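With my numbering, you'll find the sequence shown wraps up at 352, consecutive numbering, no jumps.
Working notes, structure below.
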Amino acid sequence: MRIFGADRKYRVATYMIGILVLLNFLAVVFTVSTICQPFAAWWDDQIPGGKCGNILVIWKSVSVPNIATDLMILVLPLPALYKLHVDIGTKIGLYLTFMVGSVGVLTSILKLLAFMNVNERHNDPTYQSGKPMVYTIAEVSTYLIAACMPALRALKRHLF
């Protein structure tokens, strides 16, 4: 927020998105930790009396708010970035960072679409979720790369 100024609307929007992300996180943790009783039934379906709710519904429903908050986080600083008074090379680097972040949002959407194609009647939903998990790894990796890109500027200056 220091970079983009102290505009009240921007600060309020930032805090609201942060609160949404936190509430979403808490809801996911609660849901994931209580959907299987006992908890070990997540990975062991042979536990006597162990049962799980519909795990695929959880995976699908978690994806939608994640995509929404990811888009909010991606779009919120764009107007301020446009108005930022820096040299064109720095601005291009910042836009490239946000473009990598948009690839992360795209992989989130692809993950949701892959979850929609998983057969819910299959006995082991984790067996069916290989493709969505690949998208999950790609999503997290893309966001990690985008988060590290500003630090790469100093490395580029040092090497070249």
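The beta carbon of each residue, even a glycine, is placed where N, CA and C say it ideally should be.
Small disclaimer: the values here were computed from a predicted structure and weren't measured.
Could you tell me the distance, in whole angstroms, from the CA atom of residue i to the CA atom of residue j?
i, j, result
"residue 246", "residue 340", "36 Å"
"residue 307", "residue 257", "15 Å"
"residue 230", "residue 239", "8 Å"
"residue 199", "residue 278", "19 Å"
"residue 310", "residue 348", "43 Å"
"residue 237", "residue 244", "9 Å"
"residue 337", "residue 292", "8 Å"
"residue 206", "residue 272", "13 Å"
"residue 270", "residue 217", "25 Å"
"residue 323", "residue 252", "14 Å"
"residue 259", "residue 305", "12 Å"
"residue 321", "residue 283", "39 Å"
"residue 209", "residue 232", "33 Å"
"residue 221", "residue 280", "42 Å"
"residue 343", "residue 329", "22 Å"
"residue 150", "residue 352", "Because the chain is modelled from 193 through 352, residue 150 falls outside the range shown and cannot be assessed."
By alpha-carbon positions, which one of the options ends up nearest to residue i?
i, options, result
"residue 333", "265, 199, 297, 243", "297"
"residue 204", "250, 228, 294, 268", "268"
"residue 261", "215, 352, 202, 330", "215"
"residue 327", "207, 264, 352, 295", "295"
"residue 319", "252, 266, 248", "248"
"residue 224", "235, 213, 250", "250"
"residue 202", "303, 241, 264, 330", "264"
"residue 331", "266, 303, 352", "303"
Per DSSP, residue i is paired with what?
i, result
"residue 228", "244"
CB-CB under 7 Å to residue i, same chain, minus the five flanking residues each way: which ones, in chain order?
i, result
"residue 285", "345"
"residue 300", "255, 258, 259, 262, 331"
"residue 227", "244, 245, 247, 250"
Within the same chain, show all residues whose beta-carbon is closer than 6 Å to that of residue i, passing over the 5 residues directly before and after it, in chain order.
i, result
"residue 289", "338, 341"
"residue 212", "261"
Can you list, in chain order, the residues of its chain with a C-beta nearer than 8 Å to that of residue i? Leave out the 5 residues immediately preceding and following it.
i, result
"residue 287", "273"
Residue ranges of each alpha helix (DSSP H) run of no fewer than 4 residues wholly in the stretch 232 to 294, ordered along the chain?
Runs of the alpha helix (DSSP H) lying entirely within the stretch 232 to 294 and spanning at least 4 residues, in chain order: 247 to 267, 270 to 275.
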